[in-house]
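Each residue of the sequence shown is one higher than the one before, starting from 12 at the first, in my numbering.
Using N, Cα and C, we set each Cβ at its ideal position, and we do this for glycine too.
The model shown is predicted, which means the values in this text are computed figures rather than measured ones.
Let me begin by presenting the structure, written as structure tokens, before commenting on it.
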Amino acid sequence: METGKIIVEKVRGKSTLTKCFSKYPLKFINPKNVAPSQTDVVWIYAITYGGGIVSGDSIACDITVGDGCTTVLTTQASTKVYKAVGTKISEQVLEARIGSNAFLAVIPDPVTCFSTAKYSQKQVFKVMSDSSLLLVDWITSGRHERGEKWDFDLYRSMNNIFHNGDEPLFLDTSLLEQGTCSDIAERMQDYQVIAMVILLGCVGYSPGQS
Numbered sequence: 012m013e014t015g016k017i018i019v020e021k022v023r024g025k026s027t028l029t030k031c032f033s034k035y036p037l038k039f040i041n042p043k044n045v046a047p048s049q050t051d052v053v054w055i056y057a058i059t060y061g062g063g064i065v066s067g068d069s070i071a072c073d074i075t076v077g078d079g080c081t082t083v084l085t086t087q088a089s090t091k092v093y094k095a096v097g098t099k100i101s102e103q104v105l106e107a108r109i110g111s112n113a114f115l116a117v118i119p120d121p122v123t124c125f126s127t128a129k130y131s132q133k134q135v136f137k138v139m140s141d142s143s144l145l146l147v148d149w150i151t152s153g154r155h156e157r158g159e160k161w162d163f164d165l166y167r168s169m170n171n172i173f174h175n176g177d178e179p180l181f182l183d184t185s186l187l188e189q190g191t192c193s194d195i196a197e198r199m200q201d202y203q204v205i206a207m208v209i210l211l212g213c214v215g216y217s218p219g220q221s
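Given below as structure tokens:
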């Protein structure tokens, strides 16, 4: 079931948020004074009630960035995934369509999984030949102040990009799971962060600037 929907379209020549729907546990904030007034960009902050994703929560978000529009989707703090209750998995799904000559930047703070947490996310982007995308996907080792280092049970992140609806351009899955032979901390050694940055199209220009 959809918990969030965003549509950005050109209105009088300017990128405009024409639909913004969210329900528990997701909330969107659309601040007006983030970028200079002459910059044609819509900024959206995605937050969760309680500051994190509870065991068993399922979040599904749909985004459409219309032709010629620029949108930035970000967060106000790290995405916290709380301890798992039994076998319940916290899930998050994002599906985005990016129009012709449109630019979407998905630049959240990192995911931080608490001890025993189980988290799975899937992000699907459907682009045109002249669409642009900037995607940052990253996770920290956990709550160091609590002595937690790669102490969660499961982290799965899928990122797929399709051209013109169904032609695969990029298919990737990152998986960290506690094993019987070795745990995640042993395999990660001294690393504290895993990060992936995807750049597609003309992402070298400033958002909103043609």
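- Annotation: Val122 to Val52 spans about 25 Å, alpha carbon to alpha carbon.
- Counting C-beta pairs closer than 8 Å gives fewer than three between the region 152 to 161 and the region 100 to 116, which falls short of the contact rule.
- Here Ala113 carries a coil assignment [DSSP, helix/strand/coil].
- Taking 7 Å as the cut-off, the Cβ atoms of Ile70 and Leu37 count as close.
- DSSP places Ile55 in the uninterrupted beta strand (DSSP E) bounded by 53 to 59.
- In the three-state reduction of the DSSP assignment, Gly190 falls in the coil class.
- With a threshold of 16 other beta carbon atoms within 10 Å, Ser142 meets it and is buried.
- Per DSSP, Glu197 is not a residue of any beta strand (DSSP E); the alpha helix (DSSP H) it occupies stretches across 195 to 199.
- Taking the Cα positions, Ala57 is about 15 Å away from Val147.
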